[in-house]
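Right, one structure below, let's go through it.
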Amino acid sequence: MVRQHDESSRRRLSSRGSQRRGRGIRGSLLPLGVPGRRTRSERFDGLVIEAFSEIDRRWHDQLTKLDIAVDDVPRIRALDPDSVTWPPEVVAEGPVPLSRLVPAGMDRNGDPTRARVVLFRRPLELRAKHPDELTLLVHDVLVEQVATYLGLDPETIDPSLRDD
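Numbers 731 to 894, taken from my numbering, label the letters of the sequence shown in order.
This is the structure we're talking about:
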């Protein structure tokens, strides 16, 4: 005799049964605060903070009105990638912007805004072949943007950039 089951009598498979018997995951695989648990975005943010802290140590008094921000991708594009020229406040590699200095001004509501450097995470990550290379690239881009903000040469911001 073949036993037929209707939809309501079919046993529902769920993780609750395995959880009840102690065979399921009891918590997250990695505890909070472990570097492996951080997302790529969180790791990049930490890298930016570390790179900026070196610059801020030397130039803190001049940078109190400058904010640092990270966007995943740029919202600005070159209309003609072959003959693109960017203004000095954009650091780019060809047609792809890596960061942008947004000057202080007014927003749409008429409220004052602070100057900020916006780093574009994905273009920077894609240009670095190794984590150490990304660290250097982020540092160099920040140096260039701070130099533009202060109206100085990048070598003044970071003397290690000078060719000896």
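Just so it is clear, CB atoms sit at the ideal spot from N, CA and C, and this is done for glycine as well. As the structure is a computational prediction, the values presented were derived from the model and not from experiment.
- For V820, no alpha helix (DSSP H) run applies; the uninterrupted beta strand (DSSP E) run containing it begins and ends at 820 to 823, by DSSP.
- Going by DSSP, S813 is part of no beta strand (DSSP E) at all; its letter is neither H nor E.
- Between the stretch 779 to 797 and the stretch 873 to 880, the count of C-beta pairs closer than 8 Å reaches three or more; the two stretches touch.
- When DSSP states are grouped into helix, strand and coil, D870 belongs to the helix group.
- If you check the CB distance, V800 and V832 do not come in under 9 Å.
- Annotation: the continuous beta strand (DSSP E) that includes D801 extends over 796 to 801.
- Separation of the CB atoms of E885 and F774 is rounded to 26 Å, and the pair is thereby denied contact status at 8 Å.
- Assigned with DSSP and collapsed to three states, A858 falls in coil, not helix or strand.
- Straight-line measurement puts the Cα of I806 at about 16 Å from the Cα of S813.
- P853 is a Cβ neighbour of V826, given a cutoff of 9 Å.
- With a cutoff of 9 Å on beta-carbon distance, Y879 and A845 are scored as near each other.
- R830 and S890 have their alpha carbons spaced roughly 23 Å apart.
- In this structure, D791 keeps its C-beta atom at 9 Å or more from the C-beta atom of F850.
- DSSP places T843 in the strand class (E or B) of the three-state scheme.
- Under the DSSP assignment, S829 falls in the beta strand (DSSP E) whose first and last residues are 826 to 832.
- When beta bridges are read from the DSSP output, V848 appears opposite A799, R830.
- Burial of L867 is indicated by the presence of at least 16 other C-beta atoms within 10 angstroms of its C-beta.
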